[in-house]
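Asks: Residue numbering for the sequence shown follows my numbering, beginning at 38 and increasing consecutively.
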Amino acid sequence: MNPKLPTPDYTSLDLPPPPRDRPYVLVNMVMSADGKVVVDGTEQGIGSKADQRLMRELRVNADIVLNGAGTLRASGSSSRLGDPALEELRFRRGKPRLPVAATISASGDLPLDRLFFTASDFQAVVYLAHSTPPERCEDIEATGRHVVLLPAEAPIEAMLRHMRHELGASVLLCEGGPSLNAQMFRLDVIDEYFVTIGPVIVGGEKTLTPVEGEPYTRETLRQLELVSAVSNPATSEIYCRYRVRR
Ligand SMILES: NC(=O)c1ccc[n+]([C@@H]2O[C@H](COP(=O)([O-])OP(=O)(O)OC[C@H]3O[C@@H](n4cnc5c(N)ncnc54)[C@H](OP(=O)(O)O)[C@@H]3O)[C@@H](O)[C@H]2O)c1
């Protein structure tokens, strides 16, 4: 627990070493009390400042912060920590002050004027599908960001291998969205799932939940083990940390 705030301390997670072919993978999401992750097109309005602080604390542990292109288009994305003290903590641990930001896209339809492409205080990698139109690849490369073309077969596994072996990443923090989360859960490459439950109801039959894609069955349900659940009376939020059972 953080002694000053009714929140957990996510700056110093005690994480096991990564597997051989991928980083150790954390997923972080915020959802409403009815399990929805989007209101008016983005996640904004579901989590409080305390939740956003925890999101940044989680980034302290990460070598790479990943968002799907859908999230980059809707909300923008970066790997910033928003607090020099958090950057200093990383620095003292021998890590770069900011994690690398990453995104994945097949269309190549990315907002090249967003911070992800224009910021100079963090590095960023763009993973593109085999099928991405070449002119889109060129436009993205022209921003100066590192572009990696993924194979048609098993692209997510190839991305994770690249992160582990070429970028030397031990910890990947995936911050959604739901369709990327779904693929990663399906491939069984997620190790821990962090979710904040916000005290609001969003509703809507088609409103996104943290994990989209094909549903599991009773036989194939993805099983989790609760590591911690901390309630915050000041915000009425609950901060949950689960480990994926294998
Ligand atoms: N509440 C929260 O914590 C939270 C967190 C994150 C996001 N969100 C919200 O979730 C929404 C976005 O979610 P989403 O599920 O639509 O999008 P998403 O998961 O962020 O991104 C999906 C996109 O990523 C790319 N992609 C995924 N898998 C790929 C693969 N194997 N190969 C190549 N590209 C791949 C594709 O991009 P292209 O379409 O470019 O091909 C795909 O359309 C936004 O409204 C956002 O605000 C909420």
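Virtual Cβ for every residue (Gly too), placed ideally from N, Cα, C.
(1) Just to be sure I understand the criterion: a residue counts if its Cβ is closer than 5 Å to at least one heavy atom of ligand 1. Which residues meet that?
(2) Cβ atoms of VAL267 and GLU229: under 8 Å apart, would you say?
(3) Quick one: Cα of ARG129 to Cα of LEU123, how far?
(4) Judging by CA-CA distance, which residue of ARG198, GLU80, ALA161, LEU152 is the nearest neighbour of VAL62?
(5) For the alpha helix (DSSP H) containing SER216, list its first residue and its last residue.
(6) State the beta-bridge partners of PHE231 as determined by DSSP.
(7) Ignoring anything shorter than 3 residues, give me the beta strand (DSSP E) runs that lie fully in the stretch 166–209, in order along the chain.
(8) Taking all protein chains shown into account, do 16 or more other C-beta atoms lie within 10 angstroms of the C-beta of PRO192, making it buried, or fewer, making it exposed?
(9) Pick out whichever of THR257, ARG127, PHE154, THR44 has its Cα sitting closest to the Cα of ALA139.
(10) Just reading off the alpha helix (DSSP H) that SER112 is part of, what are its end residues?
(11) So SER273 and PRO236 are in contact, right, with Cβ under 8 Å, and what is the actual spacing, rounded?
(12) Near GLY213, what residues of its chain come up, given a Cβ to Cβ distance below 6 Å and the 5 sequence neighbours on each side ignored?
(13) When the Cβ atoms of the stretch 199–206 are set against those of the stretch 250–261, are three or more pairs found closer than 8 Å?
(14) Kindly provide the ranges of any alpha helix (DSSP H) runs that are 4 or more residues long and lie completely inside the stretch 132–158, ordered along the chain.
(15) Kindly list the residues whose CB is nearer than 7 Å to the CB of LEU95, restricted to its own chain and excluding five residues on each side of it in sequence; keep chain order.
(16) Please check the pair VAL162 and ARG182, which I expect to be a contact at CB under 8 Å, by giving their CB distance rounded to whole angstroms.
(17) Within its chain, find whatever has a CB closer than 8 Å to the CB of LEU224; leave out the 5 residues flanking it on each side and keep chain order.
(18) Over the uninterrupted alpha helix (DSSP H) stretch that includes GLU262, give me the two end residues.
(19) Roughly how many angstroms separate the alpha carbons of LEU217 and ILE141, rounded to a whole number?
(20) Just grab the DSSP bridge partners of THR79 for me.
Replies: Judging by the given coordinates:
(1) MET66, VAL67, VAL74, VAL75, THR79, GLU80, GLY105, ALA106, GLY107, THR108, ALA111, SER112, ILE141, SER142, ALA143, SER144, ALA166, PRO192, GLY213, GLY214, PRO215, SER216, LEU217
(2) no
(3) 10 Å
(4) ARG198
(5) 215–223
(6) ASN65, ARG278
(7) 183–186
(8) buried
(9) PHE154
(10) 106–112
(11) 4 Å
(12) MET66, THR108
(13) no
(14) 152–155
(15) TYR47, LEU63, ASN65, LEU210, PHE231
(16) 7 Å
(17) ILE193, GLU194
(18) GLU262 -> not in any alpha helix (DSSP H); beta strand (DSSP E) instead, spanning 261–269.
(19) 9 Å
(20) VAL76
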